[in-house]
Structure formats: structure tokens, C-alpha cells
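Numbering (the numbering used here), first residue to last: 70 to 289.
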């Protein structure tokens with residue numbers, strides 16, 4: 070993040086108390102000198118990367134990214150510049166296409182089209198994937214979706230699903246950017262990350278069903 074062609078105004082890293090010791094003091098000091106801000110929050114899983122910032126009063130657009138992926142130097146610049154073209158949609162560098170059933174509900178996650186190419190139009194069936202980078206617009210996330218208790222009851226381990234539901238609820242469609250880059254994870258992270266439980270063990274489908282039922286959402 071600190072080596073991007075356009076430097077972010079700030080880089081926020083949210084850690085729960087038990088993770089604080091994972092970063093050595095000299096590493097923390099180095100990153101602070103380069104604009105990285107470290108914060109402590111409760112352990113709310115992957116929702117740490119967006120919810121605490123909004124709770125702090127931040128209502129301007131911001132970009133979320135995963136901590137286990139390599140990003141090219143022009144990754145941030147490409148997302149921010151293209152995001153300025155249209156402020157009524159959610160832009161992401163990586164999207165899946167949701168397969169929609171006859172009842173306008175999502176089919177099982179395993180049946181979705183993964184990693185779609187750039188498309189000219191935004192759509193509700195496009196699903197932003199956080200590992201590619203997503204331009205978050207807080208205005209698209211209503212108060213109902215900022216409720217920690219509800220998040221942890223319905224969708225504790227899938228921020229992408231929760232945020233997608235928020236966009237549908239508020240009427241924001243999503244679009245795949247014109248930018249592509251190879252998806253490369255840091256060695257060892259794919260064996261212990263959310264993909265193991267959410268995808269391989271089927272928790273994505275469970276969380277999807279709970280969220281869509283609670284908010285009575287349809288993909289039309």
C-alpha cells in the first residue's frame with residue numbers, strides 16, 4: 070500500500086487485542102512513518118476492515134483490500150480514478166457473477182461464474198470480491214448493516230456477502246473495473262484463510278441464505 074503509484078491519504082490497519090503482538094515494534098514504527106495507522110477493535114472477523122472506519126464517522130469513499138494478496142503498484146490508482154467516473158455504483162477490480170434462480174435468489178456459491186471480465190454496465194448480479202480491492206461508498210451501507218450484533222449473528226465470516234446485501238438493499242449496483250491483475254496470495258495463506266471455511270466448507274451459502282431471508286432481498 071505504501072508503494073502505490075498514488076499514495077492513499079491514510080492506510081488503516083484494524084487489529085483485535087490478541088493480534089497486537091503479531092507486529093514487532095520496529096515494524097510498526099516503520100509503517101507509521103509511512104502513513105499507516107494502527108487501530109484496535111473487537112474481533113469482528115473480516116468486518117474489521119470496513120465497519121470500525123465507518124463507525125469512526127468516516128463517510129467518504131475508501132478502498133478495502135485483503136492482507137494476504139500481492140497488489141501491483143498501479144492497483145490503487147486504477148481503482149480510484151475509474152471510481153470517479155460514476156459515484157452511484159460500487160466498483161471492484163474483481164467480481165463474480167451470481168447465478169440467479171427462478172425465484173430471484175442466488176444459486177449455490179459453487180455455481181457462480183468466478184472472476185468475470187470487465188463489463189460496461191453495473192448490475193445487481195455482480196458480486197465484488199474484497200481480495201481484488203473494492204471502492205466502498207459508505208452511503209450505500211445503511212444503518213441496518215452497521216449493526217455489529219446483527220452482523221455477528223447472520224454473517225460473521227463473510228464481509229463480501231454482507232456488503233453485497235447492503236448494496237442491494239440501498240439500490241447500488243456493482244461493476245467490474247477495466248483493470249485486471251493476477252491474483253497472487255502470500256505463501257501459506259490459502260490453507261488457513263476464509264476461503265477454507267466459507268467456500269470449501271459451504272459457509273458462504275449458509276450466510277447468504279440467512280442474510281437474504283432476514284432482509285427479504287431479491288436479485289431482480
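Idealized CB from N, CA, C, for every residue including glycine.
Item to complete: Using the Cα positions of residue 231 and residue 215, report the straight-line distance between them to the nearest angstrom.
Response: Those two C-alpha atoms are separated by around 10 angstroms.
Worksheet item: Taking buried to mean at least 16 other C-beta atoms within 10 Å of its own C-beta, is residue 229 buried or exposed?
Response: Residue burial is scored here from C-beta neighbours: residue 229 has at least 16 other C-beta atoms within 10 angstroms and is therefore classed as buried.
Discussion item. If the criterion is Cβ atoms closer than 7 angstroms, does the pair residue 118 and residue 133 meet it?
Written reply: Yes, Cβ-Cβ distance for residue 118 and residue 133 is below 7 angstroms.
Worksheet item: For residue 202 versus residue 148, is the C-beta distance shorter than 7 angstroms?
Response: Yes, they are a contact pair.
Worksheet entry | Whole-angstrom distance between residue 156 and residue 248, CA atom to CA atom | The alpha-carbon atoms of residue 248 and residue 156 are separated by roughly 18 angstroms.
Discussion item. Whether or not the region 238-245 and the region 161-177 are in contact is what I'm after, with contact meaning three or more pairs of Cβ atoms, one per stretch, closer than 8 angstroms; do they touch?
Written reply: Yes, the region 161-177 touches the region 238-245.
Worksheet item: What is the DSSP secondary structure of residue 170, reduced to helix, strand or coil?
Response: Of the three classes helix, strand and coil, the one that applies to residue 170 here is coil, per DSSP.
Worksheet item: Which residue from 76, 103, 284, 140 puts its Cα closest to that of residue 253?
Response: Residue 140 is the option with its Cα nearest to residue 253.
Worksheet item: Does the Cβ of residue 236 have 16 or more other Cβ atoms within 10 Å, making it buried, or fewer, making it exposed?
Response: With 16 or more Cβ atoms within 10 Å of its Cβ, residue 236 is classed as buried.
Worksheet item: Straight-line CA distance for residue 261 to residue 84?
Response: Summary for residue 261: the model assigns pLDDT 48, below 50, so the residue's position carries little reliability, and this model does not support an answer.
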